[in-house]
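Undergrad:
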Amino acid sequence: MHFFGSSISRSGTRTTALAGMLLAGVSALTLAPAHVGAAEQTPIEAQTSEQAELSERLAEAMALASRYGQRSVIASIIENVRLTPEHAALIESAAVANSTLARETIGKARDVGLAMAAASAGTALPPGADPAVPISELSEEEANFGWLMSGADAADRLGLTGKGVTVGVVDSGIARRLDGSAHPEFEDRIDPRSISYLYWIDPTVTMEDIERDPQAALERLFDQAGANGFEDINGHGTHVAGIIAAARDGRGMVGVAPGANILSVATIPAPGFIGPAPLFQIQFCGPTLINSNGNDCAPKVADEEYVAAALDYLTSQADVRISNGSFGPIPERDAVTANVEFDRVNFDALDRYVMSGKIWVAAAGNGFDTAPVMSESPDGLGLTPFISPENADVTNSAGAPVFTDGGQGFDYSHLQPDRLAALEAETGEAYGRIVTVVAVGAEKQISMFSNRCGVTARWCIAAPGGDFVEDADGNPTERSIFSTIPENIADTNPAFPNGDAPPYGFKTGTSMAAPHVAGAMAVLVEAYPGFTPGRIVEIMFQTAEDLGAPGIDEIFGHGLLRLDQALQGPIGLTGDSSEIYQANVDDTHLWRFSFASDGALLKTGQGLLTTATDTTISFAQEAAIIDGGLQVDGRFAAPRLFVGPGALLGGSGFIQGDVGVAGTLAPGSSPGTLTVSGTVGLLDSATTAIEIDGAGTGNGVANFDRIIALGAFDAFTAAGTLAPQLRGIAGPATNSFVPELGEIFRFVETPNGVVAGSFASLTQPTDGLPEGSRFDVLYGQQTLSLVATPSDYGTALAAGAAGNQTAARSVGAALQAIRPAAGTRPSAEAAAIFDPLYRLGANAVPIALSGAAGTIHVDVAQESLSSIGRFSDVLATRHTGLTAEGAATGTVWATPFLGGVQVSGNGEGYDADFRGFALGIEGSPDALFGNQASIGFAGAYSTSSLDDWTGTAEIDVVQGGVYGSYDWSGVIVSGAAGLSYASGDTRRVGILGVAESSYRGFGGFADLAVSKPYTFDIGTVEPFAAIGYRALDRRGFSEAGAFALDIAGKTYDQTFATAGIALSHSFELGSVTLEPQARLAYRFDFDRVDASGTASILGASFEAAGADIGRHAFVGSFGVEAAVSDKVSLSAAYETEVRSDFASHGARFNLIARW
């Protein structure tokens, strides 16, 4: 066995170092595309003597690499170019000349190395690794760059030191004397159970001393008390122990676990010789070896199984949960297979150690620069779990077996972590683990000498171990690991000729990487006293920083040790199910890995506790957030999670259980979706904060927060304040999203239950909404949605908006008066009104409001009044016929009519098609007036089909009247009066839905006219003048359906005066008498026909403004009457009435019979 570490001093120039590290494992490397020939070869004859020497060494090394296959050559190219990119051309030339690789492949490997060099070129070295920074100027935290690189500063901030944890160190011993004094960094923390299986020797005794006075030299050689010497004569064990547990005392350096105790087992002897005798033989055999002239030995360990004895001793110490082994076999140069044939006793001892529930941290080995193929995987005890018959045929890049046990069939595969975990599940016991550690330098690249993780990748991790990195002049460009050494060794430092050197020094190797992990394990044992060894190791692996190929790879295994990330868990959690675990977080803390507790959770402190994605965290009892916040981005389980006043719950994960919130519920991770398997109940003091950065339902940029409650019954109970946010979103967000009117954000979903309760208020965002808008809430049975709406529907119309703007403003003002407070749950009646309205976009709002005003009911009233007028006009024309037909005793007539009306104006209007008929009988009351007078009675029925942009209506009008005329010396006075009954059905269709209604009304008319006919050769001319009145008393009614209105009763009337002229001319056509007729008139309304109506919605009244029909009208008819006999005549006429915004066109037919 030997140490997997060495001092920083290294013989030879840069070229020596270069030639020594030419081989590297490549199993995890991915070759990048290359430009073949990008680096030209340097001709040998043009090289300097230094270049020639370097080229020669490169050629030798490449030829050696070729013996182990192409992968080794590729690895050599990549590693050498990475470390010395200035020699890329020489390296490429050597590979071309001394391997069978294709030139293109060599170019790709060169480019990969150059890319890796470039990636690290701009990275400043940490102060402890930078030779330009004097070590005396560095703090104890900076001196060993591995302390910060491995994240030990996080433990320091958390006050975690490994206190109470005892770490076993199997090594060369530790800097302690027989009188009990020790290195100051370990004061009172070297466990008194520490033991040495080695004889102490005085390394200052030389062969000259022995030759001069053998007896005196022999006594001095073994007299530790007389020399007051330290147990550790080599310094390796002290250096390892310092990395683990050097004190936090403001001097030198600090260990990863500065509060841990060290139980040292001195087992590994020092290298070197005294004369022809190796020091290891002297330390193993003691004075007996010297006294017997090398023929006899008195080992302190039976059968000289030192490592096995150390392991068994540590196994017997119940409180030792972690041990470090920075030692291993020395591989032969260019060896390709690890020979474990004689290691059964050590493997068995390690088996017993692990099965007793302890963690063994093993250095992977430093053999890569001498035996690169074998070093594609670890050597020594770290390889143990791989050794089994099933792996006996597994080969490395040279096609050679990874290990050989001489055919003995060793099987330690049960020590693999997955198999130990399965055994734990079966037995309920907690077993230990084996962790293999490879070394990286300050730039997080694999160290040139370090074995790779290889076949042990699943239980392997990387840690700082230093590297041999030099510039072109052979000067180190990166320091190694700084740690404690015994004072007597430090005093040999030539930089301190007075012997006052501080007891610290630099060493490099996987020996230095492993104790970083062992120290981290000590801190984790303190941090997680309830976790098993397997769980603690698993946490360390899960939280490692990924290096190399993604995931677990054959170079770095799980990646770089990151104690800071491993401490992102439930610090202090015990396995006692009766306890409440108090997570006191004053700043921020992340739970990065999964765990379960039988207890309860109490979150205190003003900081934010976050559970990472891909984690499952469960508490068997209730959880409560008293202060600060809990952000669940993974899975969190507790029967009930309570969020106290002033506390916060957020995240984009999954909560198993019911949630009660008296504080702030802020789903998402700025933004995102929080899913709860149970119910979510808000209390009156709660605030629900919803971040909106877009319309997406995912996480992050351009999305909005959501809550999905999967519970049954009242899955989500709203209460408290709702606070949407559009700006100032702290996480990934654009912070520039502006919602459009009507844009909906469904922030609560309850697929298995219902939404209950109501928010008491909604705090509008201070920025981000369109001007003149606000947020409202749509309360669905299983959803809650935020929607952007106009702040005031009474002023919601933009310039040039479509529809009847006057009516829209009127109904908008009424709606605003009854509008529910933002965020509150409306009544069912109000929801039926406002929910559809809230969903409308900016362009649809004015159209919807205009259509919702009920102006069609004004249109129906106006058309009903027009129907009354049509019957009045029919009767007004009868006096001409009466006088002409006066010779007859009586007349019966029938008048069918039809036509259409077009009304427009004020953004309103309608089209109506009318049809109907009138019947009458008339005659002269001779007994009273002779034939100078006539009187008639008539009735009519008409129907109109009305259509405006808001709906349709069918109107029926039934009327009856009396009319008459008197011829007063050629001046004809005529008049008519009647009663009317109107009814109809209306269907109002708009963006907001359909509303239907029926109405009825009563009305009538009265007309009085004076005319004077003049007969000429060309025909008859009859000027006339008239006044008239028409009215409809429409009764009040209510709509049924969407956005239903209550329509108030109202009387619509028309008072007018008419002046015009009637023209006719008779002529014979065979036996038929034809009389063309024309009637032209101007009509003036004394007041406009009423163009509005009063409506109300949920008790809020408003005026619905219809089309404003003009007061001035042209009234005319053009027709012809044909008398087929003196008893029967027929006539047809075109009739029109034209006003501003009103036009009526129709046809009337008459059948007249006389007797």
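The sequence shown runs -38 to -1, 1 to 1117 under mature numbering (1 follows the signal peptide of the UniProt record, and there is no 0).
All C-beta atoms, glycine included, are put in the ideal place defined by N, C-alpha and C.
Nothing here was measured: the structure is a model prediction, and the numbers come from that model.
Can you say whether residue 119 is buried or exposed, counting buried as having 16 or more other CB atoms within 10 angstroms of its CB?
TA: The count along the sequence shown starts at 1 and reaches residue 119 at position 157. So residue 119 counts as exposed.
Undergrad: Quick one: measure Cβ to Cβ for residue 489 and residue 533, integer angstroms, because I've assumed they're closer than 8 Å.
TA: Locating residue 489 in the sequence shown gives position 527, where the first residue counts as 1. Locating residue 533 in the sequence shown gives position 571, where the first residue counts as 1. Indeed, because the Cβ distance is near 5 Å, the residues count as touching under 8 Å.
Undergrad: Taking 9 Å as the CB-CB cut-off, is residue 222 touching chain B?
TA: Any reference to chain B falls outside this structure, which holds one protein chain only.
Undergrad: Between residue 480 and residue 554, what straight-line distance do the alpha-carbon atoms span, to the nearest angstrom?
TA: For the purposes of this step, residue 480 is taken as residue 518 along the sequence shown, with counting starting at 1. For the purposes of this step, residue 554 is taken as residue 592 along the sequence shown, with counting starting at 1. Looking at the two C-alpha atoms, the distance is approximately 21 Å.
Undergrad: So residue 223 is in the beta strand (DSSP E); what residue range does that whole segment cover?
TA: Here residue 223 is taken as the residue at index 261 of the sequence shown, counted from 1. Unbroken beta strand (DSSP E) run through residue 223: 223 to 228.
Undergrad: Where does residue 497 fall in DSSP's three states?
TA: One-based indexing of the sequence shown puts residue 497 at position 535. It is helical.
Undergrad: When DSSP labels each residue in this structure, what does residue 257 get in the three-state scheme?
TA: Indexing the sequence shown from 1 puts residue 257 at position 295. Residue 257 falls in the coil class under three-state DSSP.
Undergrad: Kindly give me the distance between the Cβ atoms of residue 228 and residue 241, rounded to whole angstroms, as I take these residues to be in contact under 8 Å.
TA: The residue given as residue 228 occupies position 266 in the sequence shown. The residue given as residue 241 occupies position 279 in the sequence shown. The Cβ separation is near 13 Å, so there is no contact.
Undergrad: So what does DSSP say about residue 992, is it helix, strand or coil?
TA: Locating residue 992 in the sequence shown gives position 1030, where the first residue counts as 1. In this structure, residue 992 counts as strand in the three-state DSSP scheme.
Undergrad: Comparing C-alpha positions only, which one of 1017, 993, 1115 and 1009 sits nearest to residue 958?
TA: Numbered from 1 along the sequence shown, position 996 holds the residue referred to as residue 958. It is 1009.
Undergrad: Consult DSSP for residue 755 and reduce its assignment to one of helix, strand or coil.
TA: Numbered from 1 along the sequence shown, position 793 holds the residue referred to as residue 755. Three-state DSSP puts residue 755 in a helix.
Undergrad: Could you give the DSSP three-state label for residue 70: helix, strand or coil?
TA: Here residue 70 refers to the residue found at position 108 of the sequence shown. Helix.
Undergrad: Compute the Euclidean distance between the alpha carbons of residue 400 and residue 423, then round it to the nearest angstrom.
TA: Taking the sequence shown and counting its residues from 1, one reaches residue 400 at position 438. Taking the sequence shown and counting its residues from 1, one reaches residue 423 at position 461. Cα-Cα distance, rounded: 6 Å.
Undergrad: Compute the Euclidean distance between the alpha carbons of residue 787 and residue 1071, then round it to the nearest angstrom.
TA: Residue 787 sits at position 825 when you count from the first residue of the sequence shown. Residue 1071 sits at position 1109 when you count from the first residue of the sequence shown. Between residue 787 and residue 1071, the C-alpha separation is close to 43 Å.
Undergrad: Can you find the residues in the same chain that come closer than 8 Å, C-beta to C-beta, to residue 438, ignoring five residues on each side of it along the sequence?
TA: Counting from one through the sequence shown, the residue named residue 438 turns up at place 476. -31, 93, 430, 431 and 432, listed in sequence order.
Undergrad: Are the CB atoms of residue 650 and residue 628 nearer to each other than 9 Å?
TA: Reading the sequence shown from its first residue, position 688 is the one you call residue 650. Reading the sequence shown from its first residue, position 666 is the one you call residue 628. Yes; because the gap between Cβ atoms is below 9 Å, this pair is in contact.
Undergrad: If you reduce the DSSP assignment to three classes, tell me which class residue 637 lands in.
TA: Taking the first residue of the sequence shown as 1, we reach residue 637 at position 675. Residue 637 falls in the strand class under three-state DSSP.
Undergrad: Hey, how far is the Cα of residue 638 from the Cα of residue 670?
TA: Position 676 of the sequence shown, counted from the start, is the residue given in the question as residue 638. Position 708 of the sequence shown, counted from the start, is the residue given in the question as residue 670. The alpha-carbon atoms of residue 638 and residue 670 are separated by roughly 6 Å.
Undergrad: With distances taken Cα to Cα, identify the nearest neighbour of residue 561 among 202, 542 and 910.
TA: For the purposes of this step, residue 561 is taken as the residue at position 599 of the sequence shown. Considering only alpha carbons, the answer is 542.
Undergrad: What are the start and end residues of the beta strand (DSSP E) that includes residue 380?
TA: Taking the first residue of the sequence shown as position 1, residue 380 is located at position 418. Run containing residue 380: none in the beta strand (DSSP E); it sits in the alpha helix (DSSP H), 379 to 389.
Undergrad: Hey, out of 983, 911 and 992, whose CA is closest to residue 943's CA?
TA: For this step, residue 943 is matched to residue 981 along the sequence shown. Checking every option, the nearest Cα to that of residue 943 belongs to 992.
Undergrad: Give the DSSP-derived three-state secondary structure of residue 94 in the structure shown.
TA: Here the question's residue 94 lines up with position 132 in the sequence shown. Note: residue 94 maps to coil in three-state DSSP.
Undergrad: In chain order, which alpha helix (DSSP H) runs of at least 4 residues are fully inside the stretch 763 to 845?
TA: You should have 767 to 780, 790 to 800, 806 to 814 and 817 to 838.
Undergrad: To the nearest angstrom, how far is the alpha carbon of residue 801 from that of residue 706?
TA: Position 839 of the sequence shown, counted from the start, is the residue given in the question as residue 801. Position 744 of the sequence shown, counted from the start, is the residue given in the question as residue 706. When rounded, the distance between both Cα atoms is 7 Å.
Undergrad: In chain order, what are the residue ranges of uninterrupted beta strand (DSSP E) at least 3 long that sit wholly in the stretch 585 to 636?
TA: The stretch 585 to 636 contains these whole beta strand (DSSP E) runs: 585 to 587, 591 to 594, 597 to 605, 610 to 613, 616 to 623 and 626 to 629.
Undergrad: Going by the beta-carbon positions, is the gap between residue 111 and residue 469 smaller than 9 Å?
TA: Residue mapping note: residue 111 aligns to position 149 of the sequence shown, counting from 1. Residue mapping note: residue 469 aligns to position 507 of the sequence shown, counting from 1. No, these two residues do not count as a Cβ contact at 9 Å.
Undergrad: Keeping to the same chain, check which residues put their C-beta closer than 6 Å to that of residue 976; ignore five residues upstream and five downstream.
TA: In the sequence shown, counting from the first residue as 1, residue 976 sits at position 1014. Around residue 976: 983.
Undergrad: So, residue 414 versus residue 473, is the Cβ gap smaller than 9 Å?
TA: Here residue 414 refers to the residue found at position 452 of the sequence shown. Here residue 473 refers to the residue found at position 511 of the sequence shown. For residue 414 and residue 473, no; Cβs fall outside 9 Å.
Undergrad: How close, in whole Å, do the beta carbons of residue 1053 and residue 820 come, if the pair is a contact with beta carbons under 8 Å?
TA: What you label residue 1053 is simply residue 1091 of the sequence shown in a count that begins at 1. What you label residue 820 is simply residue 858 of the sequence shown in a count that begins at 1. Indeed, because the Cβ distance is near 6 Å, the residues count as touching under 8 Å.
Undergrad: Which value, in whole angstroms, describes the spacing of the CA atoms of residue 272 and residue 180?
TA: Reading the sequence shown from its first residue, position 310 is the one you call residue 272. Reading the sequence shown from its first residue, position 218 is the one you call residue 180. Those two C-alpha atoms are separated by around 28 Å.
Undergrad: Can you tell me which of the three DSSP states residue 176 falls into?
TA: Numbered from its first residue, the sequence shown carries residue 176 at position 214. Three-state DSSP puts residue 176 in a helix.
Undergrad: Decide if the stretch 1004 to 1021 is in contact with the stretch 809 to 829; the criterion is three or more beta carbon pairs, one per stretch, under 8 Å apart.
TA: The stretch 1004 to 1021 vs the stretch 809 to 829: in contact.
Undergrad: From the DSSP output, in three-state form, read off residue 286 for me.
TA: As a working mapping, residue 286 is identified with position 324 in the sequence shown. Three-state DSSP puts residue 286 in a strand.
Undergrad: Straight-line CA distance for residue 812 to residue 773?
TA: To locate residue 812, count along the sequence shown from 1; it is residue 850. To locate residue 773, count along the sequence shown from 1; it is residue 811. When rounded, the distance between both Cα atoms is 8 Å.
Undergrad: Just list the alpha helix (DSSP H) runs in the stretch 855 to 921, keeping only unbroken ones of 4 residues or longer that don't cross its boundaries, in chain order.
TA: 888 to 891, all fully within the stretch 855 to 921.
Undergrad: Anyone know if the C-beta pair for residue 840 and residue 878 falls short of 9 Å?
TA: Counted from its first residue, the sequence shown places residue 840 at position 878. Counted from its first residue, the sequence shown places residue 878 at position 916. For residue 840 and residue 878, no; Cβs fall outside 9 Å.
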